[in-house]
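Numbered per the numbering used here, the sequence shown spans residues 1 to 134.
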Amino acid sequence: MSEFLDILTHGRRLKAATKDLTVSQLHDVAEKLAKVITDREHEEAAELQAQAAKLAKIEELRRAMAAADITEADLFGSNVPAAAKVKTKRAPKPAKFAIVDSNGQRVTWTGQGRMPKVLAQAIATGKELNDFEI
């Protein structure tokens with residue numbers, strides 16, 4: 001589909017792709033494209049109108065709630081809507097294991113995910129994972 005869009009949106013590519021069409025075929029294509037454009041304009045206008053009506057209704061409800069001295073907590077109790085909850089990013093886990101590689105750099109591992117190669121090689125030589133705990 002992206003190749004089709006590339007051809008449609010690029011003047012020279014469009015000209016090359018339509019060079020085998022007759023003028024009447026090009027007019028037919030232009031009429032069909034014009035119809036697609038007007039249909040899309042009507043759809044977008046309807047969506048904008050629906051969204052404006054929804055926002056107006058929301059504002060009307062907010063004013064009615066304010067006039068009646070009603071809060072969200074009164075409506076939902078302790079069940080605050082999901083949109084009002086703030087998502088927090090969790091803190092990264094601290095490293096549990098550490099080893100110094102052949103370059104002298106300290107490599108750490110939290111115990112989750114793929115084990116660093118240096119640590120895996122050390123365990124393969126017979127050392128225990130507990131030897132590398134921090």
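C-beta: ideal position from N, C-alpha, C; glycine also.
Note that the structure is a prediction, hence the values are computed from the model and not measured.
Three-way DSSP call (helix, strand, coil) for residue i in this model
i      : result
Ile134 : coil
Ile99  : strand
Val86  : coil
Arg106 : strand
Met65  : helix
Thr38  : helix
Thr9   : helix
Asp28  : helix
Gln121 : helix
Leu21  : coil
Ile58  : helix
Glu72  : helix
Chain-order list of residues whose beta-carbon lies under 7 Å from that of residue i (same chain, five-residue window excluded)
i    : result
Ile7 : Arg13, Leu14, Ala17
Proximal residues to residue i (C-beta, below 6 Å), its chain only, five neighbours per side dropped
i      : result
Asp101 : Val107, Val118
Val23  : none
Is the stretch 86-95 in contact with the stretch 103-116, if contact means three or more CB pairs nearer than 8 Å?
-> These segments touch.
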